[in-house]
Amino acid sequence: MENLSLIEAILIFIASNTLSFLLAFFIRKIKIETLNKEITRLEIELMNSHSEVLRKMQKNVALEKIIKNLIANNQKRAVTQE
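Residue 92 in the numbering used here sits at position 43 of the sequence shown; the count goes up by one each step and never skips.
This is the structure:
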């Protein structure tokens, strides 16, 4: 096997580092895209679950008003019956 000249060794070194950099860059880009998709999915999931909680809270408030009205009506009946 021939001995590599200094210039050839430097060129191989540069090419190797360039390929390593490009590979690392694309792997990082893929990871970032994957993380962005996961974040978006989690945000959608959070919004969906949050909206469900809000709906339940609204139902609870409506039920609370109904119960307060029933209690008030029962108290009025009790007062009028006395």
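Idealized CB from N, CA, C, for every residue including glycine.
Computed from a predicted model, the values in this text were never measured in an experiment.
Name the two residues that bound the continuous alpha helix (DSSP H) containing LEU103.
-> Counting from one through the sequence shown, the residue named residue 103 turns up at place 54. Its alpha helix (DSSP H) spans residues 55–130.
Inter-residue spacing [alpha-carbon to alpha-carbon] between ASN85 and ARG104 = To locate residue 85, count along the sequence shown from 1; it is residue 36. To locate residue 104, count along the sequence shown from 1; it is residue 55. Approximately 29 Å between the Cα atoms of the pair.
Skipping 5 residues on each side, what residues in its chain have a beta carbon closer than 7 Å to that of GLU92?
-> In the sequence shown, counting from the first residue as 1, residue 92 sits at position 43. Within the same chain, GLU92 has no close Cβ partners at all.
Taking only the alpha-carbon atoms, compute the straight-line gap between THR83 and LEU95 and give it to the nearest angstrom.
-> Your numbering for residue 83 matches position 34 in the sequence shown. Your numbering for residue 95 matches position 46 in the sequence shown. Rounded to whole angstroms, THR83 to LEU95 spans 18 Å at the Cα level.
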